[in-house]
DNA sequence: CTTTCATATGAGCAACTGTTCATATATATA
DNA sequence: TATATATATGAACAGTTGCTCATATGAAAG
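Residue numbers (my numbering), protein chains in the order written: chain C, 1 to 120; chain P, 1 to 120.
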């Protein structure tokens, strides 16, 4: 962030200096906030959300997911790589087939919180 | 979705027909899943996450937020409109100034769940 | 070794996103 | 009314994203 802290753009900055200080202390690091946004970005796509919901129920191979969602194998595989990179899913090879499943219960918790907000 | 349900692309689809049926039942509606992804999309940007974290601490006017984050008033205002449209923040006018605050505690809960996953 | 099947991956493209810049709106004050 | 301040907003542009298509990789079977 540029050093503009002492160049107020409105009179309220100094009126609320205590609040500004408190916020600055409470604000997580730039890196943490970036990672957090990156995480939510992964959840911010219909296809990926669908894949995660499918894996809620059972581990599943790539082509079954594609079949279920009516999408191409390539599209699903690309998105599974995104989910894998974010450590939201894990996989298990069995012969020619690769089975994907949810990495842990955080995924359920996050989706659940979002669902609460959407369906209320 | 195209009607490809009876054109298996791999042998596992029919081996796991029961699972496919169960998943199809458990899967929320297309519209709900779309809304869910749209919600997470809003959280999927550093600037917006920062704004929300700032509002965690206190209601704040546009220019104070811009000041705090070292960004232009315009950029912050644009993002506040996005957050407003998603009903994640509310605002209160006081003379020339507009104060923004979190709309409800869902926002905290969702960010908190994400933070758990990021900081573990 | 060759073929087949399931999956992964790179290039290319259209659609979307976040910022900047210029300007408009709204409120208060002289 | 004219001016100043705080915020909102539209256009434009660069950067990103998700899909398709073609092709590559990996594993099992002939």
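A virtual CB, placed ideally from N, CA and C, is assigned to each residue, including glycine.
Open item on the list: Residues in the same chain with beta-carbon distance under 6 Å from residue 69/C, minus the five sequence neighbours each way, listed in chain order, please.
Closed with: These residues qualify, in order along the chain: 50.
Open item on the list: Between which two residues does the alpha helix (DSSP H) holding residue 39/P run?
Closed with: 30-43
Task: Element boundaries [alpha helix (DSSP H), containing residue 80/C] - done: 73-85
Task: residue 64/P beta carbon less than 8 Å from that of residue 10/C - done: yes
Open item on the list: By DSSP's criteria, residue 90/C is part of a beta bridge. Which residues make up the other side?
Closed with: DSSP lists 101/C as the bridge partner or partners of residue 90/C.
Task: Beta-carbon neighbours of residue 117/C, restricted to chain P and to distances below 7 Å - done: 39, 106 and 110
Task: Span separating the alpha-carbon of residue 18/C from that of residue 24/C - done: 10 Å
Task: Same chain, Cβ closer than 7 Å to residue 86/P, neighbours up to 5 away in sequence not counted - done: 39 and 42
Task: Secondary structure of residue 10/P, DSSP reduced to three states - done: Residue 10/P: coil per DSSP, three-state reduction.
TODO: Determine the direct distance from the alpha carbon of residue 113/C to that of residue 109/P, and round the result to whole angstroms.
DONE: 7 Å
Task: Cα-Cα separation between residue 3/C and residue 21/C, rounded to whole angstroms - done: In this prediction, residue 3/C scores a pLDDT of 34, lower than 50, which makes its location untrustworthy; the coordinate-derived value is nonetheless stated afterwards. Taking the straight line joining both Cα atoms gives about 15 Å.
TODO: Quick one: which residues of the segment 46-61 of chain P get their C-beta closer than 8 Å to a C-beta of chain C? List them in chain order.
DONE: 46, 48, 49, 50, 53, 54, 56, 57, 58, 60 and 61
Task: residue 57/C, enclosing alpha helix (DSSP H) - first and last residue - done: 46-57
Open item on the list: Please confirm whether residue 22/P has its beta-carbon closer than 8 Å to some beta-carbon of chain C.
Closed with: yes
Open item on the list: Within the continuous alpha helix (DSSP H) that includes residue 68/C, where are the two ends?
Closed with: Per DSSP, residue 68/C belongs to the alpha helix (DSSP H) from 62-69.
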